[in-house]
Every structure is written in C-alpha cells, then in structure tokens.
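Here the sequence shown is numbered in our numbering, starting from 1283 and rising by one per residue. Idealized CB from N, CA, C, for every residue including glycine. Here is the structure we will look at, set down as structure tokens.
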Amino acid sequence: MGADMTVVGVGIDIEGERDIRGDMLRFFLSPSEQSAPPSEWLRLWTVKESLYKACPDNARLLLTDFEVDDTRAGEGTARLAGNDRLVFRYTSRKMDNSILTFALCEEVGK
C-alpha cells in the first residue's frame, strides 16, 4: 500500500472444488478474460466474488465490471471499469478441496 492509498474494502470468498460450465463464463468473466483455461475458471470465480465484496459501492455492479489483469496469476491486481481511483489486489490459495481468495480495495489519494 502506497502512502497515498487507503484501504476502503476487504473481500473474501471460498469455494469447494467443482466444475464451472463454459456457458456460465459470461456471467462473471469479461470477454477478454473468457480465454482463460478451464483449470482457472473456479479460481477466477472466487477472485471476482472477493473483488465484488471488497468494493465499497457495489450495489449496481456486476462481476464482469471487474477485470483481472492476469487471469493466470494466483496473486495480482484488478480494475473496476470506469473507476481509476480504486485499486484492487487479490491472492488465491488452494486449501485441501477448496480455493480461498482474499481481496483488498484501496482508494488513491483518499
């Protein structure tokens, strides 16, 4: 976290191992993210859920409004469409038969 950044939200999601059907991708992945390999789909679901939960003003947002910068990264950054003041960071970990993702939302210059 930089000196001009303030944490404004925290999100967490955990999902048990299961298959994600390809026809469900449009509900949580942006068009550019849909090229991610099937082995990443469940982890990306947990990433999107944790980003949504971390966003302080998420009432009118969709999971597709958040875009992960690198769909193959177990830890990284994401952006919210149309909002340059919020910065999102996440980390995902496989735990037994589950995937756990934790996300932070920071606001620039707050």
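Rounded to a whole number of angstroms, what is the C-alpha to C-alpha distance between Val1350 and Arg1308? Taken atom to atom, the span from the alpha-carbon of Val1350 to that of Arg1308 is near 15 Å.
Met1287 - partner residues in DSSP beta bridges: Partner(s): Val1390.
Look up Leu1307 in the DSSP assignment and say whether it is helix, strand or coil. In the three-state scheme derived from DSSP, where H, G and I count as helix and E and B as strand, Leu1307 is classed as helix.
Could you please give the first and the last residue of the uninterrupted beta strand (DSSP E) stretch that includes Ala1360? Looking at the DSSP string, the run of the beta strand (DSSP E) that includes Ala1360 is Glu1357 to Leu1362.
Distance between beta carbons of Val1290 and Glu1389, contact taken as under 8 Å: That belief holds up - the Cβ atoms of Glu1389 and Val1290 are roughly 5 Å apart, short of 8 Å.
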